[in-house]
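Trainee: Before I ask anything, let me first share the structure, which is written out below as C-alpha cells.
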Amino acid sequence: MVILAFLYSTCGSPCVVIAQQIRGALDELSRPVPVLIVSVDRRADAPTNIHRFLAAVSLSGRARYLSGSATQLRAVWHGYHVKLPSAGRAAFARSAPVYLIDRAGDERVLYELEQLTPESVSHDVRKLLG
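Under this note's numbering, the first residue of the sequence shown is numbered 277, with each subsequent residue one higher.
Right, dumping it as C-alpha cells:
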C-alpha cells in the first residue's frame, strides 16, 4: 500500500493543501503508510525547496520526494496522465492526482482535489489494508 502524489515544492496553496490532506490521513491511521511524492517540476524541486516544503506541511520523515531525469519523469507523468504546471497552474491544481496503490501495484483509488480529505484517504487505506 502506497499513497502516491504528484506535486512540486513551489506550487503554493494547491500543493500545500494536498500535502496537508495526506498528512491528516496519516495522522488518523494506526500504522505508517508509505507516501511517495513525484516531482512535476524538477527545476523548482531543488533539495532546499523540497526540504522546506516537506517541513512546512509536516511530512518530513513521513514522505519520500522523488525526482529523476526528464526522461524518467516524463514516463511516470505520462503513465499517470499528469497535467504539468506548464499547462497552467490552475489546470495543474484541478488535476493533481493522488492515488492509492495496493500491495500488488494496482491503482485502487484516484483522488482529485475535491475528493481528497484525510477521512476519505484514511478510510480507503484501512479498507485496502483490511
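Where is the CB? At the ideal position from N, CA and C, for every residue including glycine.
For D317, count the other beta carbons within 10 Å of its own beta carbon; 16 or more makes it buried, fewer makes it exposed. Which is it?
Mentor: The residue in question, D317, is buried, as its Cβ has 16 or more Cβ neighbours within 10 Å.
Trainee: Return no unless some Cβ of chain D is closer than 9 angstroms to the Cβ of S396.
Mentor: Absent here is chain D; the protein component of the structure consists of one chain.
Trainee: Tell me whether the beta-carbon of I377 lies closer than 9 angstroms to the beta-carbon of V314.
Mentor: Against a cut-off of 9 angstroms, the Cβ pair of V314 and I377 comes out as no contact.
Trainee: Determine contact between the region 323 to 339 and the region 277 to 296, defined as no fewer than three beta-carbon pairs at a distance below 8 angstroms.
Mentor: With a cut-off of 8 angstroms, the region 277 to 296 and the region 323 to 339 count as touching, because enough Cβ pairs lie within range.
Trainee: By alpha-carbon positions, which one of A320, S336 and A322 ends up nearest to L302?
Mentor: The candidate whose alpha carbon is nearest that of L302 is S336.
Trainee: Does DSSP classify E383 as helix, strand or coil?
Mentor: It is a strand residue.
Trainee: Applying the criterion that 16 or more other CB atoms from any shown protein chain within 10 Å of the CB defines a buried residue, is Q330 buried or exposed?
Mentor: Note on identity: in this sequence residue 330 is Leu, with Gln being the wrong assignment. Classification for L330: buried.
Trainee: Measuring alpha carbon to alpha carbon, tell me which residue in S345, R338, Q297 and A332 is nearest R307.
Mentor: Minimum Cα distance to R307 is reached at R338.
Trainee: Tell me the DSSP secondary structure of V278 in three-state form.
Mentor: Strand at V278.
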